Amino acid sequence: MSSSFRHSFDIIGPIMIGPSSSHTAGAARIGRIARNLFGEQPDVAEILLYGSFAKTYRGHGTDVALVAGLLNFATHDPRITKSLQIAQDSGLQVSMKPGPPNADYHPNTVRILLSKGERKFDLLGVSIGGGAVEILEIDGFKVKMTGQYPTLVIPHADRFGVIAAVTTILSKHQLNISFMEVSRRGRGSEALMLISTDEQPPEEAVAEIHQLEAVKRVARIDPS
Amino acid sequence: MRFSNLAELVALCGQEGKPIYEVMIDEHVHETGATRATVLQQMTESFDVMMKSVERGLTEDIRSFSGLTGGDAKRVYEYAQKGKTLLGKQATEAVAMALSTSEVNAAMGLVVATPTAGSCGILPGVLSSLKESLGATEEQLVLGMFTAAAVGFVVANNASISGAGGGCQAEVGSATAMAAAAAVELAGGSPEQAIQAAGLALKNVLGLVCDPVAGLVEIPCIIRNGFGSVLALAGADMALAGVRSVIPPDEVILAMYNIGKQMPVELRETALGGLADTPTGRKLEKQIYGDDTKEA
Ligand code: SF4
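Protein sequences appear in the order of chains X and L. Following UniProt numbering, the numbering of the first sequence begins with 1 at its first residue and continues without gaps. Following UniProt numbering, the numbering of the second sequence begins with 1 at its first residue and continues without gaps.
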């Protein structure tokens, strides 16, 4: 048995703007996670859709929902229906098209490429049903993140002691780590740390981690 | 969770002498550390949203995103008020209220996914009809939502609740099974009868494909929600009468999973087969999107 669905509110819920939990609410969640990982509103969003997403994105409102997520709207935000217009008005340029067919991908997969000036960001996400999502890649790093728990996503230099420094800060703030994952491109190069905690990490903890020399950025993803 | 299938769930209920909804609430409290009051409160919020969506579709003129659907909920509701229906007033009203929520969903209104948005009409349809037939209070109906959640939890983790993953049997089918179990417990049936109702109802939607016209969550989705509510009530009635599913409910779920895997991709939320690929389905698709429906 997989345990992607953990409790009552993964089944009853989300409270959402229709019409599809996987293609609208799930898509909005993936878009919002991308936005929060990027840390600010991008100037350009390039979206590639796969499988069922590619075939039904207009009818299911996937386009509108992904963009709503990029604008940081929650699944129940009524502004979702007007997101394309709002994006345009606020200078977010969006392009959306089916990606090259990939048999390995789950039927509801999306790749989101964001940029602002020189900054670029890339995410691969899957909507697995009922509004639940999984993020499988962040900036080329293979990960597995559901967004069901508060999660810190920390790109950092792959150096001795960084992980210990981060976990020390978390334990100082009495945060219990429920899941942790580190993936790296190669020895001594860039790495990405994902840490899920039972409680929401406070701003101070995030700021302290940010101050570590090897840490480039810290994004906090809250369950939504 | 201390259970991963329906048999374990019923065993747990037996050990603790509790209905499914109580076990489900306990599990939630244990798992998340939230208080019982908070958990109930959160479910009540979902209940309120559900009832509002039922209400909206019966009182407002709902037109869907595409303009293709809307107004059927009202039609059926008004028909039921005239008194003479073949199913009886309460079951016909359940149909109306299931249609209502699904129409609101198709119009990009606010709904609760139960377990998905495509199948969001069935549980509210059934619960609102139980308000009348059983005189169930709001508190009781909210408890019934935990029964539904328990069944949905098992289906979601052992099979699928996504049309793209397992066809419409995974959406409308799961919702029907969930609502059937909830109806049994609210009517005073045992946990065993509740899961039998889920198994019976699910058997009747095995193989149901996902073939939404033009990729919209409208045709056939909305009508299927209407039917799902009646199917759930029928399953509940059969189980309460003592009918059992010879194939155990957990095995029905397994069958649903396997059928989903055997389904061609055309019939899993790609709008390439089934009703989507009928002459009228294609015509409507063109009407909505113009000719540029080909993939890049
Ligand atoms: S036909 Fe497909 S989109 Fe419509 S309710 Fe069924 S599973 Fe959902």
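The C-beta atom is built at its ideal place from N, Cα and C for all residues, glycine as well. Please read these numbers as outputs of a predicted model, since none were measured by experiment.
For residue i, the three-state DSSP class (helix, strand or coil)
{"i": "L/P279", "result": "helix"}
{"i": "L/G121", "result": "coil"}
{"i": "L/S66", "result": "coil"}
{"i": "X/K144", "result": "strand"}
{"i": "L/G163", "result": "helix"}
{"i": "X/R58", "result": "coil"}
{"i": "X/H156", "result": "strand"}
{"i": "L/P19", "result": "coil"}
{"i": "L/L134", "result": "coil"}
{"i": "X/N108", "result": "strand"}
{"i": "L/V112", "result": "strand"}
{"i": "X/E181", "result": "strand"}
{"i": "L/I219", "result": "coil"}
{"i": "X/L194", "result": "strand"}
{"i": "residue 372 of chain L", "result": "Outside the displayed range of chain L (1 to 296) lies residue 372 of chain L, so it cannot be described from this structure."}
{"i": "X/L71", "result": "coil"}
{"i": "X/E199", "result": "coil"}
{"i": "X/L170", "result": "helix"}
{"i": "L/K74", "result": "helix"}
{"i": "L/A106", "result": "helix"}
{"i": "X/E137", "result": "strand"}
{"i": "L/K286", "result": "helix"}
{"i": "X/I221", "result": "strand"}
Through-space distance from residue j to residue i, alpha-carbon basis
{"i": "L/A149", "j": "X/G59", "result": "28 angstroms"}
{"i": "L/G167", "j": "L/S174", "result": "11 angstroms"}
{"i": "L/K52", "j": "X/V110", "result": "32 angstroms"}
{"i": "L/L58", "j": "L/S245", "result": "35 angstroms"}
{"i": "L/G242", "j": "L/A183", "result": "15 angstroms"}
{"i": "L/Y257", "j": "L/N158", "result": "7 angstroms"}
{"i": "X/T62", "j": "X/R220", "result": "24 angstroms"}
{"i": "L/S102", "j": "L/G118", "result": "7 angstroms"}
{"i": "residue 297 of chain L", "j": "L/G226", "result": "Given that chain L is displayed from residue 1 to residue 296, the structure contains no residue 297 of chain L and the question cannot be resolved."}
{"i": "L/Q169", "j": "L/G228", "result": "11 angstroms"}
{"i": "X/K172", "j": "L/L141", "result": "44 angstroms"}
{"i": "L/L284", "j": "L/A276", "result": "9 angstroms"}
{"i": "L/D250", "j": "L/L6", "result": "6 angstroms"}
{"i": "L/G17", "j": "L/S129", "result": "28 angstroms"}
{"i": "X/A25", "j": "X/E204", "result": "31 angstroms"}
{"i": "L/Q196", "j": "L/E55", "result": "31 angstroms"}
{"i": "residue 241 of chain X", "j": "X/M193", "result": "Past the boundaries of the shown model lies residue 241 of chain X; chain X is included only from 1 to 224, so the question cannot be answered."}
{"i": "L/R282", "j": "L/L272", "result": "10 angstroms"}
{"i": "X/V143", "j": "X/M180", "result": "10 angstroms"}
{"i": "L/S160", "j": "X/Q211", "result": "43 angstroms"}
{"i": "X/E199", "j": "L/A194", "result": "35 angstroms"}
{"i": "L/V39", "j": "L/Y289", "result": "43 angstroms"}
Residue burial classification, residue i (beta-carbon count within 10 angstroms, cutoff 16)
{"i": "X/L37", "result": "buried"}
{"i": "L/E31", "result": "exposed"}
{"i": "L/T69", "result": "buried"}
{"i": "L/G260", "result": "buried"}
{"i": "L/A296", "result": "Confidence at L/A296 is low in this model, with a pLDDT of 34, below 50, so the placement of that residue should be treated as unreliable; the coordinate-derived value is given next. That one is exposed."}
{"i": "L/K82", "result": "exposed"}
{"i": "L/R2", "result": "exposed"}
{"i": "X/D43", "result": "exposed"}
{"i": "L/A37", "result": "exposed"}
{"i": "X/L152", "result": "buried"}
{"i": "X/E134", "result": "buried"}
{"i": "L/F153", "result": "buried"}
{"i": "L/A180", "result": "buried"}
{"i": "L/L86", "result": "exposed"}
{"i": "X/P201", "result": "buried"}
Sequence-distant residues of its chain with Cβ nearer than 6 angstroms to residue i (five each side left out)
{"i": "L/G274", "result": "V209, D211, L267"}
{"i": "X/I15", "result": "H76"}
{"i": "L/A164", "result": "R268, E269"}
{"i": "X/V206", "result": "V218, R220"}
{"i": "X/A157", "result": "A214"}
{"i": "X/P107", "result": "G51, S52"}
8 angstroms CB neighbourhood of residue i in its chain, flanking five on each side removed
{"i": "X/F5", "result": "I11, G130, A132"}
7 angstroms Cβ shell around residue i - same chain, five flanking residues per side excluded
{"i": "L/F13", "result": "Sequence check: residue 13 of chain L is Cys here, not Phe. Cβ neighbours of L/C13 beyond the five flanking positions: P19, I20, V23, P191."}
{"i": "L/V265", "result": "none"}
{"i": "X/G91", "result": "D43"}
Checklist entry - Can you find at least 3 beta carbon pairs, one from the segment 193-201 of chain L and one from the segment 230-250 of chain L, that sit closer than 8 angstroms? => result yes
Checklist entry - Does the segment 65-81 of chain L touch the segment 25-32 of chain L, meaning 3 or more C-beta pairs lie closer than 8 angstroms? => result no
Checklist entry - Using 8 angstroms as the threshold, is the segment 97-111 of chain L in touch with the segment 110-121 of chain X, meaning 3 or more CB pairs across them? => result no
Item to check | Three or more C-beta pairs below 8 angstroms linking the segment 12-25 of chain X and the segment 215-224 of chain L | outcome: yes
Checklist entry - On the three-pair Cβ rule with 8 angstroms, is the segment 71-82 of chain L touching the segment 92-102 of chain L? => result yes
Checklist entry - Would you say the segment 124-135 of chain L touches the segment 23-36 of chain X, given that touching needs at least three Cβ pairs under 8 angstroms? => result no
Item to check | Cβ contact check for the segment 144-163 of chain X and the segment 70-87 of chain X: 3 or more pairs under 8 angstroms | outcome: no
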